[in-house]
Amino acid sequence: MLYAFSSDWATEVLYDRALGSVRWRWTYGGRGGGKSVEIARALVLLGAIEPMTILCAREFQNSINDSVLALLEAQIIDLGLSHVYKVLGTIPTPSYSLADLSP
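With UniProt numbering, letter number 80 in the sequence shown gets 80, and the count goes up by one each step, no holes.
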(Lines of atoms letter the chains of each structure in order from A and count residues from 1; the text may use other names and numbers.)
(Lines give C-alpha, C1' and ligand atoms only; values in the text may rest on other atoms or scores of the structure.)
Protein backbone atom coordinates (compact mmCIF):
# COMPACT_ATOMS: atom_id res chain seq x y z
CA MET A 1 0.00 0.00 0.00
CA LEU A 2 1.43 3.39 -0.97
CA TYR A 3 0.54 6.56 0.89
CA ALA A 4 0.41 9.97 -0.72
CA PHE A 5 1.86 12.63 1.54
CA SER A 6 3.14 16.16 1.28
CA SER A 7 5.48 18.27 3.34
CA ASP A 8 2.42 20.30 4.41
CA TRP A 9 0.96 17.23 6.13
CA ALA A 10 4.23 16.33 7.83
CA THR A 11 4.75 19.91 8.98
CA GLU A 12 1.25 19.92 10.46
CA VAL A 13 1.97 16.69 12.35
CA LEU A 14 5.22 17.96 13.87
CA TYR A 15 4.39 21.66 14.25
CA ASP A 16 2.28 22.98 17.11
CA ARG A 17 0.88 26.45 16.43
CA ALA A 18 0.63 27.22 20.14
CA LEU A 19 4.33 26.44 20.69
CA GLY A 20 5.65 27.42 17.28
CA SER A 21 8.59 25.60 15.82
CA VAL A 22 10.47 23.85 18.60
CA ARG A 23 13.79 22.06 18.74
CA TRP A 24 12.80 19.24 21.11
CA ARG A 25 9.61 17.20 21.41
CA TRP A 26 8.69 14.35 23.73
CA THR A 27 5.58 12.48 24.74
CA TYR A 28 4.08 11.56 28.08
CA GLY A 29 1.77 8.77 29.09
CA GLY A 30 1.52 5.14 30.04
CA ARG A 31 2.27 1.98 28.15
CA GLY A 32 0.27 0.89 25.16
CA GLY A 33 -0.87 4.33 24.05
CA GLY A 34 0.74 4.11 20.61
CA LYS A 35 3.10 7.04 21.21
CA SER A 36 6.19 5.34 19.77
CA VAL A 37 4.34 4.10 16.69
CA GLU A 38 2.79 7.47 15.86
CA ILE A 39 6.05 9.37 16.34
CA ALA A 40 7.96 6.78 14.26
CA ARG A 41 5.34 7.02 11.51
CA ALA A 42 5.51 10.82 11.41
CA LEU A 43 9.33 10.83 11.39
CA VAL A 44 9.53 8.22 8.61
CA LEU A 45 7.18 10.33 6.47
CA LEU A 46 8.89 13.63 7.25
CA GLY A 47 12.38 12.17 6.69
CA ALA A 48 11.31 10.93 3.27
CA ILE A 49 10.44 14.41 2.06
CA GLU A 50 13.00 16.77 3.54
CA PRO A 51 16.62 16.56 4.73
CA MET A 52 16.99 16.35 8.49
CA THR A 53 18.79 14.63 11.32
CA ILE A 54 16.55 12.74 13.72
CA LEU A 55 17.52 11.34 17.11
CA CYS A 56 15.18 8.62 18.35
CA ALA A 57 15.72 7.88 22.03
CA ARG A 58 13.83 5.20 23.89
CA GLU A 59 14.29 3.24 27.09
CA PHE A 60 16.58 0.20 26.93
CA GLN A 61 15.00 -2.83 25.28
CA ASN A 62 15.88 -6.49 25.74
CA SER A 63 16.65 -7.22 22.09
CA ILE A 64 17.06 -5.60 18.69
CA ASN A 65 13.56 -6.92 17.85
CA ASP A 66 12.15 -4.58 20.53
CA SER A 67 14.32 -1.63 19.55
CA VAL A 68 13.75 1.66 17.79
CA LEU A 69 15.34 0.09 14.70
CA ALA A 70 12.62 -2.57 14.54
CA LEU A 71 9.90 0.03 15.12
CA LEU A 72 11.17 2.33 12.35
CA GLU A 73 11.64 -0.58 9.97
CA ALA A 74 8.07 -1.75 10.62
CA GLN A 75 6.72 1.74 9.88
CA ILE A 76 8.79 1.99 6.69
CA ILE A 77 7.25 -1.29 5.51
CA ASP A 78 3.71 -0.41 6.67
CA LEU A 79 3.83 2.93 4.85
CA GLY A 80 5.08 1.31 1.64
CA LEU A 81 8.35 3.27 1.71
CA SER A 82 10.78 0.34 1.41
CA HIS A 83 11.86 1.73 -1.96
CA VAL A 84 12.84 5.03 -0.26
CA TYR A 85 14.74 3.74 2.77
CA LYS A 86 17.57 1.25 3.12
CA VAL A 87 17.56 -0.16 6.67
CA LEU A 88 21.08 -0.53 8.08
CA GLY A 89 22.68 0.64 11.35
CA THR A 90 21.79 4.02 9.89
CA ILE A 91 18.89 4.67 7.54
CA PRO A 92 19.74 7.04 4.64
CA THR A 93 17.05 8.51 2.35
CA PRO A 94 17.13 10.14 -1.09
CA SER A 95 16.55 13.53 0.56
CA TYR A 96 19.81 12.98 2.48
CA SER A 97 18.07 12.54 5.83
CA LEU A 98 19.88 10.12 8.12
CA ALA A 99 18.52 8.19 11.08
CA ASP A 100 21.52 6.97 13.10
CA LEU A 101 20.67 3.80 15.01
CA SER A 102 24.13 3.00 16.34
CA PRO A 103 24.16 1.27 19.74
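Note that beta-carbon positions come from the ideal geometry of N, C-alpha and C, so glycine has one too.
This structure is a prediction, so every number in the text was calculated from the model and none was measured.
Under the Cβ criterion (8 Å, minimum of three pairs), the segment 71 to 78 counts as touching the segment 28 to 48. Contact annotation: V37 and L81 have beta-carbon atoms that are not nearer than 8 Å.
DSSP places R41 in the uninterrupted alpha helix (DSSP H) bounded by 35 to 49. As the crow flies, the alpha-carbon of H83 is around 13 Å from that of I49. Annotated as distal: L79 and R31, with beta-carbon spacing of 8 Å or more.
For L81, there is no enclosing alpha helix (DSSP H), as DSSP marks it with neither H nor E. Under a 10 Å Cβ-count criterion, Y28 is classified as exposed, with fewer than 16 other Cβ atoms of the shown protein chains found around its own Cβ.
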